[in-house]
Amino acid sequence: MLLGACAPAAQAPTAAPAATQAPAPTTAPAPTVEPTVAPGGPLPRNETLYFNGQQWGSVVCWNPYSSSCNNAMAIAQQDNSRVLMFETPYLYDMLDGKSYPLLADGPYAWNDAHTDITFKLKKAAHWSDGTPVTADDVAYTWATNIKYNTSQGANFGAFIDSVTAVDPQTVDVKAKLDSNGQVVNPLEVVAWLDTDYVIQKAWTQKLEARTGGDATKLMADTADDVVYSGPYHKFFADDTKVVLVRDDNYWGQDASMFGKLPIPKYLAHEIYKDNASGTAALQAGEVDVSQQFNSNVQELWQAPLNLPISTYLPDAPYGIGASIPTAYYNMASYGLDQVAVRKAIAMAVDYDTIIANAMTNQSATFEQVPRSLMNPTAGEQALYDSSDPSIKALQWAGKDIDGAKKLLDDAGIKAGPDGWRYYNGKKLTYVATCPNGWSDWQAAIEQVAAAGKAIGIDITTNYPDWSVYQTVITNWPLPTTGYDIFMMYNDGAGPAEPWSRTNKLLNSRYAKTKNNWNGDWGGYVNPAVDALINAIPAETDPAKIKADYTAITKIYLTDVPSFSLMYRPQSFHTVNEIVWTGYPHQGDGTNPPVPPLDLMDGWSVAGLYNLKLVNP
Amino acid sequence: MKEYLKYFLNKLLWFLITFIFAFILNFILPRLMPGDPVAGIVARMAQGMTNTTGVQAIYQQYTQLFGTNKPILEQFFIYVRNVFHGNFGFSFSQYPRTVADVIRSSVWWTVCLQFPAIIVGWIIGNALGALAAYLKGGYDKVLLPISIFVSNLPTFGMAIILLVIFGVDLKWFPTSGGYGFDLIPSLSWKFMWSVIVHYQLPFWSIVLIAIGGQAIGMRSMSIYELNADYVKYSRFMGIKDRKIVGYVFRNAMLPQVTGLALSIGTMVSGALVAEIIFSYPGLGTTLLNAITGGDYPLISAITLIITLMVLMAMFLIEIIYGFIDPRIKATQSE
Chain R
1 MLLGACAPAA QAPTAAPAAT QAPAPTTAPA PTVEPTVAPG GPLPRNETLY FNGQQWGSVV
61 CWNPYSSSCN NAMAIAQQDN SRVLMFETPY LYDMLDGKSY PLLADGPYAW NDAHTDITFK
121 LKKAAHWSDG TPVTADDVAY TWATNIKYNT SQGANFGAFI DSVTAVDPQT VDVKAKLDSN
181 GQVVNPLEVV AWLDTDYVIQ KAWTQKLEAR TGGDATKLMA DTADDVVYSG PYHKFFADDT
241 KVVLVRDDNY WGQDASMFGK LPIPKYLAHE IYKDNASGTA ALQAGEVDVS QQFNSNVQEL
301 WQAPLNLPIS TYLPDAPYGI GASIPTAYYN MASYGLDQVA VRKAIAMAVD YDTIIANAMT
361 NQSATFEQVP RSLMNPTAGE QALYDSSDPS IKALQWAGKD IDGAKKLLDD AGIKAGPDGW
421 RYYNGKKLTY VATCPNGWSD WQAAIEQVAA AGKAIGIDIT TNYPDWSVYQ TVITNWPLPT
481 TGYDIFMMYN DGAGPAEPWS RTNKLLNSRY AKTKNNWNGD WGGYVNPAVD ALINAIPAET
541 DPAKIKADYT AITKIYLTDV PSFSLMYRPQ SFHTVNEIVW TGYPHQGDGT NPPVPPLDLM
601 DGWSVAGLYN LKLVNP
Chain D
1001 MKEYLKYFLN KLLWFLITFI FAFILNFILP RLMPGDPVAG IVARMAQGMT NTTGVQAIYQ
1061 QYTQLFGTNK PILEQFFIYV RNVFHGNFGF SFSQYPRTVA DVIRSSVWWT VCLQFPAIIV
1121 GWIIGNALGA LAAYLKGGYD KVLLPISIFV SNLPTFGMAI ILLVIFGVDL KWFPTSGGYG
1181 FDLIPSLSWK FMWSVIVHYQ LPFWSIVLIA IGGQAIGMRS MSIYELNADY VKYSRFMGIK
1241 DRKIVGYVFR NAMLPQVTGL ALSIGTMVSG ALVAEIIFSY PGLGTTLLNA ITGGDYPLIS
1301 AITLIITLMV LMAMFLIEII YGFIDPRIKA TQSE
């Protein structure tokens, strides 16, 4: 049976992607054609799409088994994996919450026992050396990830038992079972389909042979000779830029996939040292697709600049929020074990100012998208009952100083003669913190401190370096001072969301542990929440799933172990139509909808096939 | 000659002692910084991961790989052994790149930007300072305040002024990069010209600041020397002005030469501000990123190069001083 019948709506697969334009005839596999740039000549502007905001340092390697290549244009195995050079079986589309086949042929299916997923591979799919992509490649990639304990193996090894080739075109993914014979986590098994690259077996064996089976050497190999299946590969990289060139024999031009080649011949990314340089280049027409934060982005297309620059949405918040930067309370700090204190601070924060100053309005407000555990995408919002009056009563939009004061007064946490509030005779004094230099977070933390002062709680700010900050918060117990209220990121949009985000925000399996890079850094423990979170992945009834998320949201908004400060897009997406047009915009008519993810992550790669030259 | 050998050996001994202490500090100081560099790497990798055990396994893998789980003394001896074999190991922040590779790829950008800028700033600044002291009058009255103003401008201020005026408004020069955003390096004239054009704003943002500082220093030293007794005595003796000026500027130059040597010695640390504002490649941002990322091997290697260059520059200056100013040799070898 199809997964669509037994998983939350956000993970429902779709039969096949709809090509946005007429398919072109299939070309036979052949060796890669060399690029045509003349020595010393410039990249042709009308064949090159320029990016910024992805690559912030030199590319280190091209090895898809490594997690430290710093190769942002080619390698990112995540919820919306980057599929320019290496490809996944499926592509996730954050706009409709569905997965569409890439290397896979048609939707995947669970077996009747709900322990195995089977999917087929497209017959047209082939590697850059012309050989076909087979189920054996998929199985060998998995085996290699496990054998050498790569990041992908280390993560998904807890949820997937084996990946085997049933026949050259059919892959069987066997989920790991718990002691009760139930699948440990079906959502993570499904997420693997959109996340993990398929890497050629023959090349992997070559890599193993030259690294002698040593895991460290295997992952440290620069892999300049890597074989790939994606539409682009390395053309040039140095300390100042990275350029990919299209493989004109890319299999995806087959009618079974996109039906044609992606439009730009070259994808280039200059390495800018900061956002200001990147914005200047965008203004100068040297960048077409900007994934960085451009402060006051609307000024780029308003007078006096009047540049042909736009964002996914024409007005604020300009993009689709996906992740939710969050302030955590250290439950061990004096007084923060009191719900009234936690909620009062959260109610008093001026979120509109945070959104206006820190995000220059590139975030939905909490009036527009009331707070919950969900990001603003329609798929996630539909997963909890936002019309439930008991939920509405718990949601706050901020700057409610009187309400916060009343809450504290009612809890007996009253102001002393000095104006500060005391709990059991001890003054409430906290430090709110985030990493130094993360300017939008710092602006948010300043508002948290201001909110505290407004209601009589003495909150000061401190901004350590990231290297110190993350070392401290990932190792419980947190210091007795300095980390009472602290910010961390959480998951954006993906096939395992909002479960994964909820799990990391609230599941006590992460609480009070060392080397914890997952979540619940404040030490919140609530067995009732744990039970709900642990039950959701195996749920198949959409109504039950919605009821569970609604219940967790109620507890979250009641207990306030942490609180959201803003919404951030999965990727900033500002485009310059000085050379190219046809970028993803709201209501652009694409079906499936192409998400604003830089034309390279998940289903957003489909946007590369819709581009047109402004002046052909 | 015997006196000079004693002076030389004395300087060499101090050079070696300083180097040993600097070498030890180069290793220890980065490791005294708070924070766990491996945690930073794992934090990047763990985004989106759910499996706690898997994340911790990655952490263990990297601590073992980088040796950060070993006692610091053991780490030190491994470091010494490797350095003496010319091996600075892997960069933590750019793994699997080696430290040597990271430095090799960016050091030439830094040297080519910094060295000419230091030399040009030094020559122009000293010439202007000397002229101001000698000509006095209106020239001095104009040059001094301008020099004070320019030399007190923060480097980022000068860089931003040049960027806005010549890059953004007048569009005479590009605003970022080491060469054209649409070019691939080659030995073509087009590429070379692009490098030259991109070079201008970062170069002048360093030179203009340097000119002001050098001019002020040279002017002060020259005025001091021009009023020295030996100048007055020479004039009474009827020695020609041109000859006297030669003596004056040779003496006034001595502290300026020391400053030049130090500048050249430290140039490898990079022109951080110019690199950031103009997105210019180089070691400055590499070092900054290494420090913020706790990349001990990269920090130690770069600071060791800087230490060696400064020590060698100072050693050479001391040796040359022994020749050009006998008073120094006489005092030091007593």
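Residue numbers (this note's numbering), protein chains in the order written: chain R, 1 to 616; chain D, 1001 to 1334.
Glycine residues also receive a C-beta, built at the ideal position from the N, C-alpha and C atoms.
Since we're looking at a predicted model, the values are computed, not measured.
Leaving aside the five residues that flank R/I445 on each side, the residues in its chain whose CB is nearer than 7 Å to its CB run, in chain order, A432, T433, C434, T461, M487. Of the candidates R/P101, R/T222, R/A202, the residue whose Cα lies closest to the Cα of R/C61 is R/T222. As a beta-bridge residue in DSSP terms, R/P101 pairs with R/Y90. Neighbours of R/C61 in chain D, taken as residues whose beta carbon is under 7 Å from its own, are P1096 in chain order. Within 10 angstroms of the beta-carbon of D/W1189 lie fewer than 16 other beta-carbons, which makes it exposed. Per DSSP, D/M1309 has no beta-bridge partner at all. Contact annotation, R/I485 with R/Y430: C-beta distance approximately 6 Å; criterion of less than 8 Å satisfied. Against chain D, the beta carbon of R/Y524 has no neighbour under 9 Å; the closest one sits roughly 16 Å away. For R/R371, the secondary structure class from DSSP, reduced to helix, strand or coil, is coil. Membership of R/I555 in any beta strand (DSSP E) is not indicated; the residue belongs instead to the alpha helix (DSSP H) covering 542-559. Cβ-Cβ separation between R/S81 and R/G602: approximately 7 Å, consistent with a contact (criterion under 8 Å). For R/G157, the neighbours in chain D by C-beta distance under 8 Å run, in chain order, N1051, G1054. In the DSSP assignment, R/V245 falls outside any alpha helix (DSSP H) and lies within the beta strand (DSSP E) extending over 241-246. Counting only Cβ-Cβ distances below 7 Å, D/Y1059 has contacts in chain R at N515, in chain order.
Contact between R/G398 and R/D458 is absent: CB atoms are separated by about 20 Å, not below the 8 Å threshold.
At a C-beta separation below 8 Å, D/G1293 has these neighbours in chain R: S467. Secondary structure at R/H573: coil, using DSSP grouped into helix, strand and coil. About 5 Å separates the Cβ atoms of R/L43 and R/Y266, confirming a contact at the 8 Å cut-off.
For R/S562, same chain residues with a beta-carbon under 7 Å away, outside a window of 5 residues either side, are T326, A327, Y328, Y329, L505, G522 in chain order.
Taking 7 Å as the cut-off, the beta carbon of R/P569 is found closer than this to the beta carbon of R/G319. Within 7 Å of the CB of D/M1045, the CB atoms of chain R belong to S67, S151, in sequence order along the chain. Leaving aside the five residues that flank R/V525 on each side, the residues in its chain whose CB is nearer than 6 Å to its CB run, in chain order, S508, A511. Assigned with DSSP and collapsed to three states, R/V227 falls in coil, not helix or strand. Taking 7 Å as the threshold, the shortest C-beta distance from R/P42 to chain D falls below it. Rounded to the nearest whole angstrom, the C-alpha separation of R/H114 and D/T1063 is 39 Å. D/F1090 counts as buried, since no fewer than 16 other beta carbons sit within 10 angstroms of its beta carbon. Within the stretch 1085-1151 of chain D, the runs of alpha helix (DSSP H) at least 4 residues long that lie entirely inside it are, in chain order, 1099-1135.
DSSP, read as helix, strand or coil, puts R/W396 in coil. Beta-bridge partners of R/R82 (DSSP): R/D601. Under the Cβ distance rule, D/S1147 does not count among the residues neighbouring chain R, no pair being separated by less than 7 Å. Counting along the chain, the unbroken beta strand (DSSP E) around R/N52 starts and ends at 48-52.
Residue environment: D/S1269 is assigned as buried (16 or more neighbouring CB atoms within 10 Å of its CB, all protein chains considered). For R/V190, no chain D residue has a C-beta closer than 7 Å to its own C-beta; the minimum C-beta separation is roughly 13 Å. Distances from the alpha-carbon of R/A531 to those of R/N516, R/G230, R/D548 put R/D548 closest. Think of a sphere of 7 Å around the beta carbon of R/K273: the chain D residues whose beta carbon falls inside it are E1275, I1276, S1279, T1285, in chain order. Taking C-beta separations shorter than 6 Å and ignoring five residues to either side along the sequence, the partners of R/S564 in its chain run I324, T326, R371, following chain order.
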